Amino acid sequence: MRKGIAARWLRATGAVALFSAALLAAATSAKAGGFAIREQSAYGQGTSFAGIAAGGSLSAMFWNPAVMTQFAGIESEASATWIIPHAGQTASPGSSFFGIFPGTLDNSSEQALVPSGYFSYQLNPNLWVGLSITSPFGLAVSFPDLWAGRDYAAGDTWLRSYNFTPSIAWRINDWISIGAGVQIQYATTSLTRGISLFPLFAGDVTLAGNGWGYGFTAGVTLTPTPTTTIGVGYRSFVDQKIDGSLNEVVPPVINLTLPAGTTLRLPDMVSLGIRQRIDPQLTLLGTVEWTNWSRIGTADVVSNGATIATLPFQYRDGWLFALGAEYQWSDRLTLRGGLAYEISPITDAVRIPLLPDNDRVWLSVGLSWQIWKGFSADLAYSHIFVRDTHIDISAASGNPWFTTLLPVTYIGDVDSHVDILSLSLKYRWDEPKAPARTGLITK
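Residues in the sequence shown are numbered consecutively from 90, following this note's numbering.
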């Protein structure tokens with residue numbers, strides 16, 4: 090018996106690992122709320138992530154590891170999300186290179202495939218272990234070599250992160266469960282800015298490198314009534330170290346490479362979710378989520394013990410408020426939808442063309458379909474309406490990206506929106522058992 094369980098467990102973990110590895114190998118990244126990537130669950134995306142910290146799908150363990158106790162036996166879930174962003178950028182009069190370099194850029198954002206994989210294993214009636222593989226931070230943008238805003242964004246810039254989180258969850262009793270996990274995160278990046286020694290020379294400077302960061306997750310689920318589930322999840326901050334090189338090229342006068350590194354103080358996050366069943370078919374959902382982006386501050390680029398450049402992000406905290414519902418149409422089909430409002434951590438005071446983020450409204454629909462017993466799929470679509478965005482990097486604006494060393498002004502506007510498609514496959518690797526009876530024992 091034990092050998093049979095062990096064999097199923099090995100097959101399950103092997104399949105999840107292979108699927109996730111294939112997705113990670115193909116992955117690129119894109120921004121969402123700063124450069125965080127919220128799209129870690131096709132199930133959650135179908136409701137604009139309303140109620141996600143309270144569970145409903147195994148992928149909710151990204152927000153709250155305690156939700157593993159909702160899934161008996163051996164479960165896995167693998168998702169792939171296609172992000173299709175649009176950011177059309179237009180320079181305005183007042184920019185240093187307005188009328189000299191092209192001032193219109195149709196789309197600076199790159200499409201992205203974001204993977205995620207989840208696995209849980211119930212050791213006994215009250216104890217679970219699990220693993221998630223995700224990409225929680227990312228960026229992929231591309232700019233022409235000659236563009237009016239090139240001193241604040243040039244060439245290709247990207248950030249990719251891969252987060253591995255082994256977790257454990259314990260069901261204390263029928264109405265409370267707790268969970269915790271360890272974040273092990275690898276990131277690789279290449280950040281390029283232009284250097285214009287106008288009118289003679291134009292080049293660029295690139296910071297490239299990779300490194301590791303560590304953190305943890307924790308959470309609790311409460312079931313105060315048979316129809317109400319409340320979840321609170323916490324993802325800790327990660328101090329993501331990047332070690333590599335800084336290369337400065339301004340043909341034909343400069344070609345310099347230095348060892349360089351920096352530390353990105355990535356944010357911690359608290360998610361509160363609620364699931365309230367109204368009747369056997371209808372469940373209402375809600376989320377409030379806070380992200381501590383203000384801790385990122387300014388990242389110093391250091392070479393041989395000395396600061397040679399700064400990245401003055403200086404974000405504020407981000408917020409997400411979401412409401413949604415799901416309807417059990419039949420035994421095999423569940424429909425869902427949701428609406429969310431997200432307050433961006435990037436304000437007018439610090440915005441640059443590289444990250445032209447702004448407040449946004451999410452509108453999402455989704456469904457779950459049971460293909461056969463133990464095997465199901467989630468499908469979701471979201472459209473994100475981004476508030477009209479203005480960029481002002483000048484001495485008068487006080488934007489910290491403007492420096493007196495290279496006093497290049499850029500003023501412009503950005504027209505943005507995002508479309509997102511997500512698919513997940515879920516599989517139960519063992520036969521479901523009848524739930525244990527918890528009623529009163531009488532003689």
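All C-beta atoms, glycine included, are put in the ideal place defined by N, C-alpha and C.
All of these numbers come straight from a predicted model, not from anything done at the bench.
Grab the span of the alpha helix (DSSP H) containing residue i for me, first residue to last.
{"i": "residue 251", "result": "First-last for residue 251: 244-262, but that is the beta strand (DSSP E), not the alpha helix (DSSP H)."}
Can you tell me where the beta strand (DSSP E) with residue i in it begins and where it stops?
{"i": "residue 323", "result": "317-324"}
{"i": "residue 459", "result": "449-461"}
{"i": "residue 133", "result": "Taken as a continuous stretch (DSSP letters only), residue 133 belongs to no beta strand (DSSP E), being part of the alpha helix (DSSP H) at 131-134."}
{"i": "residue 473", "result": "464-475"}
{"i": "residue 499", "result": "499-517"}
{"i": "residue 339", "result": "327-339"}
{"i": "residue 410", "result": "407-417"}
{"i": "residue 431", "result": "422-432"}
{"i": "residue 221", "result": "216-223"}
{"i": "residue 230", "result": "227-232"}
{"i": "residue 481", "result": "478-482"}
Taking buried to mean at least 16 other C-beta atoms within 10 Å of its own C-beta, is residue i buried or exposed?
{"i": "residue 105", "result": "With a pLDDT of only 41 at residue 105, under 50, the local geometry of the prediction cannot be trusted, and no value is derived from it."}
{"i": "residue 160", "result": "buried"}
{"i": "residue 523", "result": "Reliability fails at residue 523, whose pLDDT of 46 lies under 50, so the model's placement of it is uncertain and the value that follows must be treated cautiously. Exposed: under 16 other Cβ atoms inside 10 Å."}
{"i": "residue 372", "result": "buried"}
{"i": "residue 303", "result": "exposed"}
{"i": "residue 515", "result": "buried"}
{"i": "residue 520", "result": "exposed"}
{"i": "residue 513", "result": "buried"}
{"i": "residue 342", "result": "exposed"}
{"i": "residue 518", "result": "buried"}
{"i": "residue 484", "result": "exposed"}
{"i": "residue 151", "result": "buried"}
{"i": "residue 394", "result": "exposed"}
{"i": "residue 124", "result": "buried"}
{"i": "residue 437", "result": "exposed"}
{"i": "residue 240", "result": "buried"}
{"i": "residue 114", "result": "Confidence at residue 114 is low in this model, with a pLDDT of 36, below 50, so the placement of that residue is unreliable and no value is reported for it."}
{"i": "residue 247", "result": "buried"}
{"i": "residue 313", "result": "exposed"}
{"i": "residue 419", "result": "exposed"}
{"i": "residue 344", "result": "exposed"}
On the DSSP bridge assignment, give the partners of residue i in chain order.
{"i": "residue 401", "result": "387"}
{"i": "residue 299", "result": "277, 332"}
{"i": "residue 347", "result": "335"}
{"i": "residue 444", "result": "441"}
{"i": "residue 293", "result": "283, 338"}
{"i": "residue 306", "result": "270, 324"}
{"i": "residue 125", "result": "226"}
{"i": "residue 265", "result": "262, 311"}
{"i": "residue 213", "result": "216"}
Roughly how far, in whole angstroms, is the beta-carbon of residue i from the beta-carbon of residue j, given that I think they are within contact range, below 8 Å?
{"i": "residue 407", "j": "residue 434", "result": "4 Å"}
{"i": "residue 200", "j": "residue 173", "result": "5 Å"}
{"i": "residue 401", "j": "residue 380", "result": "At roughly 19 Å, the Cβ-Cβ gap does not stay under 8 Å, so residue 401 and residue 380 are not in contact."}
{"i": "residue 177", "j": "residue 194", "result": "7 Å"}
{"i": "residue 231", "j": "residue 497", "result": "Wrong, their Cβ atoms sit about 20 Å apart, outside the cutoff."}
{"i": "residue 310", "j": "residue 155", "result": "5 Å"}
{"i": "residue 501", "j": "residue 180", "result": "5 Å"}
{"i": "residue 340", "j": "residue 268", "result": "With a Cβ gap of about 55 Å, residue 340 and residue 268 do not count as contacting."}
{"i": "residue 237", "j": "residue 158", "result": "With 8 Å as the limit, residue 237 and residue 158 do not qualify as a contact, their Cβ atoms being about 55 Å apart."}
{"i": "residue 209", "j": "residue 225", "result": "So it is not a contact: roughly 19 Å between Cβ atoms."}
Notebook entry, point to check: Can you give, in chain order, each stretch of the alpha helix (DSSP H) that sits fully within the segment 150-209 and has at least 4 residues?
Noted result: none
Margin query: As an exercise, report each continuous beta strand (DSSP E) stretch of at least 3 residues that is fully enclosed by the segment 350-395, in chain order.
Written below: Listed in chain order, the complete beta strand (DSSP E) runs (minimum 3 residues) inside the segment 350-395 are 358-366, 371-380, 387-392.
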